[in-house]
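Just below is one structure, and these are the notes that go with it.
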Amino acid sequence: MNGTFRVLRRLLFVVALPAVLLTVWWFASAGSTDVYWPPLETIVAAFPEVWDGERIRADLLPSLWRLLSGYALAAVVGVALGTLIGSYRTVRAFCEPVLEFLRAVPPPVLVPVIMLFAGIGDGMKIVVIAVGCVWPILLNTVEGVRAVDPVMTETARCYGVGGAARLRHLVLPSASPQIFAGLRQSLSIGIILMVISEMFAASNGLGFAIVQFQRGFAIPGMWTGILVLGLLGFLLSVVFQLVERRVLSWYHGLRDSSRRSP
Amino acid sequence: MLDVRGLRKVYEGSGRTVEAVRDLTFSVAAGELVCLVGPSGCGKTTLLKCMSGLLAPTGGEVLLDGRRVTGPPPGMAFVFQEYGRSLFPWMRVGQNVELPLKQKGMAKERRRALVADALESVGLADAAKAYPWQLSGGMQQRVAIARALAYEPQVLLMDEPFAAVDAQTRADLEDLVRRLWRERGITVLFVTHDIDEAVYLGERVVVLSASPTVVQEELVVDLPVERDQLNTRVQPRFAELRTRVYEQIQAAKRGSVSAAPGAPGAGVEKE
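Going down the list, the protein sequences come from chains L and U.
Residues 147 to 408 in my numbering are what the first sequence lists, from first letter to last.
Residues 1176 to 1446 in my numbering are what the second sequence lists, from first letter to last.
See below:
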């Protein structure tokens, strides 16, 4: 009884603000005759006809595929390079200035450049997303790997845990909270780059669809595209949180227990 | 079993050199329980790191079973003072104990048996599935001891393992070490800054001088093998021994190596 009450309460907290915002939008835009600010009612009415199965297949799925491939590529490269750079002081000293420079270049700038050698297909978009996403993952991994506790390092050495086992059982788990912080930052960067790269040069995808609607003065359709993007970002972040809570359950437990008894 | 011969360690840092350990020679026989005690900052940690092969000595050598230690030897297990930072928090208790055995390439059944046995003998048979941070400090240190036991070392090095637990837990853990030593016949070198603990635990106490470290004195603890917290600590012999060690530590702090009575300050070297 008490449990269900608590769940309901949490649900209420989650839903309350979005509900208020939507209501305000609904009434504020009701009866609007401005072409660019159609009533929310019109947008909602347009939603099911615009986002039918055909469009989901033609626009949403390609976008999702590009995003996830680029993101996965960035994760693999970022964690691998970050572990290498974080493990060796000399490599770090060697790479740091270049990393700082590359990180400071805004990734959207790279879209025209990458287009030159990666073409305008999926490859280009995946590369753009990966190039933008890799930095937070890389830099957080470096920090996480550097911060491995010296006592744990000595423990591993004493008990003959070296080489690949050391990486798998000590370095990567120890750095995983930092790595996840980087992955989280990269997820939103990835969505932004997915849309931008599709607005530049594409024949399908969410970014392409939104630009098409806008150019064709299908303003309610454009708004539905923006809603879909928001929902996509929200869903991905929920999935991310679920994964994170699972993988880092030890970390949250450890933090809670040290908070209880300092 | 464990021989330290003429060990010397000098740290070279930015423009200045610090001699942490000057000349240490002592040995631990197989099956012996020896306590190392010294004033704080006397280079105990340096010594242990040299002995375990984590740090290369500047001079002298450490021999384990006649073989020179150059890196962490497989026949040596270590229990650290910082139990919370020595167990991996992302692994369950059983996995923590098992990991070093996996590295040894041991078969699964043998590993299982060793883990269960080690946890059993530290009184944590039910805790295998828990995470270390779900346990109290004393229990975490028991896990670290179990990990060392399962490793089946020739020598067990313990670096002030009970310095960070409360007094009652500490008494229990001291008895645990005595019991494991007697039951399993393992060789233990126990480092502590606590004089009572050194006398209560050890069969022999090696008193170290202040840094740069040499052996101040070695002293055989002729208390009965059967010891308990209540009776052993009130025996007159216990009091004598602890007074003797205490005097030596005080002498070590003053920097007097010979510490001959009536000659205070004899052999003063430097601060």
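In this text, a Cβ means the ideal position worked out from N, Cα and C, and glycines have one as well.
_Helix, strand or coil at Met270 (chain L) [DSSP, three-state]_ = helix
*Quick one: is Ser404 (chain L) near chain U, going by C-beta distance under 9 Å?*
yes
_So Leu313 (chain L) contacts chain U; which residues on that side make the cut at Cβ distance below 9 Å?_
Neighbours of Leu313 (chain L) on chain U: none; closest Cβ ~13 Å, over 9 Å.
*Throw me the rounded Cβ distance for the Ser343 (chain L) and Val255 (chain L) pair, which I believe falls under 8 Å.*
Going by Cβ atoms, the distance from Ser343 (chain L) to Val255 (chain L) rounds to 12 Å, so no, they are not a contact pair.
*Over the uninterrupted beta strand (DSSP E) stretch that includes Lys1184 (chain U), give me the two end residues.*
It spans 1177-1188 - the beta strand (DSSP E) in which Lys1184 (chain U) sits, taken as one unbroken run.
*Compare the C-beta of Ser233 (chain L) against all C-beta atoms of chain U and say whether one is closer than 9 Å.*
With 9 Å as the cut-off, Ser233 (chain L) does not count as an interface residue toward chain U.
*Beta-carbon proximity check, Ser1384 (chain U) vs Thr1344 (chain U), cutoff 9 Å*: no
_Proximal residues, the stretch 1304-1329 of chain U versus chain L, C-beta separation under 8 Å_ = Tyr1306, Trp1308, Gln1309, Arg1322, Tyr1326
_Whether Ala311 (chain L) touches Lys1277 (chain U) by CB criterion (9 Å)_ = yes
*When the Cα atoms are used, what is the spatial distance from Ser332 (chain L) to Pro1307 (chain U)?*
32 Å
_Whole-angstrom distance between Leu186 (chain L) and Ser175 (chain L), CA atom to CA atom_ = 6 Å
_Check whether the stretch 1317-1331 of chain U and the stretch 1253-1270 of chain U touch, using three or more Cβ-Cβ pairs below 8 Å as the test._
yes
_Delimiting residues of the alpha helix (DSSP H) encompassing Gln1423 (chain U)_ = 1411-1429
*Residue range of the alpha helix (DSSP H) that Cys241 (chain L) falls in?*
235-250
*asked:* Measuring straight from C-alpha to C-alpha, what distance separates Ile357 (chain L) and Phe193 (chain L)?
replied: One point to set straight first is that residue 357 (chain L) is Val, not Ile, in the sequence displayed. Note on geometry: alpha-carbon atoms of Val357 (chain L) and Phe193 (chain L) lie some 16 Å from one another.
*May I ask you to list, following chain order, the residues of the stretch 1416-1430 of chain U that have a beta carbon less than 7 Å from some beta carbon of chain L?*
none
*Compare the C-beta of Phe1263 (chain U) against all C-beta atoms of chain L and say whether one is closer than 9 Å.*
yes
_Proximal chain U residues relative to Cys304 (chain L), where beta-carbon distance stays under 8 Å_ = Ser1227, Leu1229, Pro1247, Met1251, Ala1252, Phe1253
*So with Cβ pairs under 9 Å, would you call Glu1257 (chain U) a contact of chain L?*
Judged by the 9 Å Cβ criterion, Glu1257 (chain U) is in contact with chain L.
_With distance defined between alpha-carbon atoms, name the residue in U:Pro1264, U:Val1193, U:Leu1199, U:Glu1194 nearest to Ser404 (chain L)._
U:Pro1264
*Does the separation of the CB atoms of Glu1236 (chain U) and Arg1180 (chain U) fall below 9 Å?*
Against a cut-off of 9 Å, the Cβ pair of Arg1180 (chain U) and Glu1236 (chain U) comes out as a contact.
_Considering just the uninterrupted stretch of the beta strand (DSSP E) at Asp1452 (chain U), what are its terminal residues?_
As shown, chain U starts at 1176 and ends at 1446. That puts residue 1452 (chain U) outside it, with no answer to give.
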